[in-house]
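Input: a single structure, listed below in structure tokens.
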Amino acid sequence: MERGIHTYKEILSQGEAWRSTMQSMTVPQKGLKDWIRKPWDEVIFTGCGSTYYLSLSAAAIWQSITGIHARAVPASELWLFTEAVLTEGNKLLIAVSRSGETSETLHAVDKFEALDNKDWLADWLADWLAISCYGERELALRAPFSLLAEDAHEQSVAQTRSFSSMFLLSQYAAGLAGDDIEYLANLTLIPKAFERLIREYEPLANELAQNDELQHFVFLGSGVNYGLACEAMLKMKEMSLSVSESFHFLEYRHGPKSMVTPGTLVIGLLNDNARSQEMKVLEEMQDMGATVLAIDDSGDDIHADYVVEIQSGLNSLERGPLLLPVLQLLAYYRSMEKGLNPDRPKNLDAVVVL
Ligand code: F1P
Numbered sequence: 025m026e027r028g029i030h031t032y033k034e035i036l037s038q039g040e041a042w043r044s045t046m047q048s049m050t051v052p053q054k055g056l057k058d059w060i061r062k063p064w065d066e067v068i069f070t071g072c073g074s075t076y077y078l079s080l081s082a083a084a085i086w087q088s089i090t091g092i093h094a095r096a097v098p099a100s101e102l103w104l105f106t107e108a109v110l111t112e113g114n115k116l117l118i119a120v121s122r123s124g125e126t127s128e129t130l131h132a133v134d135k136f137e138a139l140d141n142k143d144w145l146a147d148w149l150a151d152w153l154a155i156s157c158y159g160e161r162e163l164a165l166r167a168p169f170s171l172l173a174e175d176a177h178e179q180s181v182a183q184t185r186s187f188s189s190m191f192l193l194s195q196y197a198a199g200l201a202g203d204d205i206e207y208l209a210n211l212t213l214i215p216k217a218f219e220r221l222i223r224e225y226e227p228l229a230n231e232l233a234q235n236d237e238l239q240h241f242v243f244l245g246s247g248v249n250y251g252l253a254c255e256a257m258l259k260m261k262e263m264s265l266s267v268s269e270s271f272h273f274l275e276y277r278h279g280p281k282s283m284v285t286p287g288t289l290v291i292g293l294l295n296d297n298a299r300s301q302e303m304k305v306l307e308e309m310q311d312m313g314a315t316v317l318a319i320d321d322s323g324d325d326i327h328a329d330y331v332v333e334i335q336s337g338l339n340s341l342e343r344g345p346l347l348l349p350v351l352q353l354l355a356y357y358r359s360m361e362k363g364l365n366p367d368r369p370k371n372l373d374a375v376v377v378l
């Protein structure tokens, strides 16, 4: 089998995967709308690896749209440190897992369900939702409700189209919970921007990947973009075994910037709400010798070495899935350039079963 063929196909078929994921949501599951709008005091997203990073961005979106407190925890924290994570109040847990079989995520759900028997929670609502790619596997089978991206199955170990499709589902859930009709309508516009994005910027991803002077990859994102920056960092590690890090934009000044050299590529996922502050960080890193790639909806006023203009017309809470494909391609091409097989990353399994 040709090296990297699955990963490449999965990255390039994201537009289609998103279309069919959105299509499957046009009629919400019976009862979902009322259930998801129950008076939750807190929403907790959980997952492992990619799906924990997804949770970070999804929680930020949920809270921004609904005004309900939302946060993300790795499933292992909820499983092993349950009392340190949960507090009193009506709680909705959203468990995210591509495979639906990751042990930590299933154990976290076990712990959450077992809370029913505890006195201090007796007065509170507690329920959970699964976001996954497999309706017939344990997580979705056990869940009271599930949102599925069944056309985003993958043969590769590293998540690409599954991640962005499940992310879209988390956005959909937030829009539904917040009864935000305009937001839900705008999500349907996301797939339209995909094909141009790839056509325009695949050569750039390839060019940067071939540039052997770049050996240190730093992904910056704030607010809803932080989890996406982490996910892009993970792709770079998993597929291409490169030194890659992720930070909140302004945090990068507080120590980590000491690692910047001419071999550093700083990639900034700009957020509408903090654009000018974030651009200052990028300019400073450029002055320190880093090469800078900025990703934003429009390239206006950006002084970077390279700019990816998404041109979706969507805001930061909406366009998240579009921030990833060019960065997935960067990881793919660097992996190929190093003679690796991005379909089968070193030391990794598609599912961690304990
Ligand atoms: C999560 C995950 C992946 C990672 C690795 C092991 O799996 O941590 O993010 O790439 O291959 O599994 P899942 O619970 O989303 O299936």
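One rule links them: number in the numbering used here = place in the sequence shown (from 1) + 24. Heads up, the beta-carbon is just placed ideally off N, CA and C, and yes, glycines get one too. Keep in mind the model is a prediction, meaning the values are calculated, not measured.
Quiz item: For residue 230 versus residue 338, is the C-beta distance shorter than 7 Å?
Solution: Indexing the sequence shown from 1 puts residue 230 at position 206. Indexing the sequence shown from 1 puts residue 338 at position 314. Result no, Cβ atoms of residue 230 and residue 338 do not sit closer than 7 Å.
Quiz item: Can you tell me whether DSSP reads residue 2 as helix, strand or coil?
Solution: What the structure shows of the chain is the stretch from 25 to 378, and residue 2 is not part of that stretch, so it cannot be assessed.
Quiz item: So, helix, strand or coil for residue 330, using DSSP?
Solution: Counted from its first residue, the sequence shown places residue 330 at position 306. The answer is strand: DSSP assigns residue 330 an E or B state.
Quiz item: Three or more beta-carbon pairs under 8 Å between the region 77-95 and the region 184-198, yes or no?
Solution: Yes: at least three Cβ pairs fall under 8 Å.
Practice problem: From the DSSP output, read off the bridge partner residues of residue 382. | Solution: Because the chain in this structure spans residues 25 to 378, residue 382 falls outside the shown range and cannot be described.
Quiz item: Mind checking whether the beta-carbon of residue 185 lies closer than 6 Å to any heavy atom of the ligand F1P?
Solution: Counted from its first residue, the sequence shown places residue 185 at position 161. Checking every heavy atom of the ligand F1P against the Cβ of residue 185, none is found closer than 6 Å.
Quiz item: Along the chain, where does the alpha helix (DSSP H) that runs through residue 129 open and close?
Solution: The residue you call residue 129 lines up with position 105 of the sequence shown. Its alpha helix (DSSP H) spans residues 127-138.
Quiz item: Expressed to the nearest angstrom, what Euclidean distance is found between the alpha-carbon atoms of residue 37 and residue 148?
Solution: As a position in the sequence shown, residue 37 is number 13, starting the count at 1. As a position in the sequence shown, residue 148 is number 124, starting the count at 1. Taking the straight line from one Cα to the other gives about 43 Å.
Quiz prompt | Spatial neighbours of residue 261 in its chain, beta-carbon cut-off 6 Å, leaving aside the 5 residues before and after | solution = For this step, residue 261 is matched to residue 237 along the sequence shown. The beta carbon of residue 261 sits closer than 6 Å to those of 268, all from its chain and outside the five residues before and after it, given in chain order.
Quiz item: Quick check: the region 41-54 against the region 164-173, are there 3 or more CB pairs under 8 Å?
Solution: Enough Cβ pairs lie closer than 8 Å, so yes.
Quiz item: So residue 353 and residue 332 are in contact, right, with Cβ under 8 Å, and what is the actual spacing, rounded?
Solution: The residue you call residue 353 lines up with position 329 of the sequence shown. The residue you call residue 332 lines up with position 308 of the sequence shown. With a Cβ gap of about 11 Å, residue 353 and residue 332 do not count as contacting.
Self-check item: Spatial distance of residue 199 from residue 237 (CA atoms)
Solution: Stepping through the sequence shown from its first residue, residue 199 is reached at position 175. Stepping through the sequence shown from its first residue, residue 237 is reached at position 213. The alpha-carbon atoms of residue 199 and residue 237 are separated by roughly 43 Å.
Quiz item: What are the uninterrupted segments assigned as alpha helix (DSSP H) that are 4 or more residues long and contained completely in the region 256-338, given in chain order?
Solution: For the region 256-338, whole alpha helix (DSSP H) runs of length 4 or above, ordered along the chain, are 299-311.
Exercise. Could you pull the start and end residues of the alpha helix (DSSP H) that residue 29 belongs to?
Key: Here residue 29 corresponds to residue number 5 of the sequence shown, with the count starting at 1. Where residue 29 is concerned, the enclosing alpha helix (DSSP H) stretches over 29-36.
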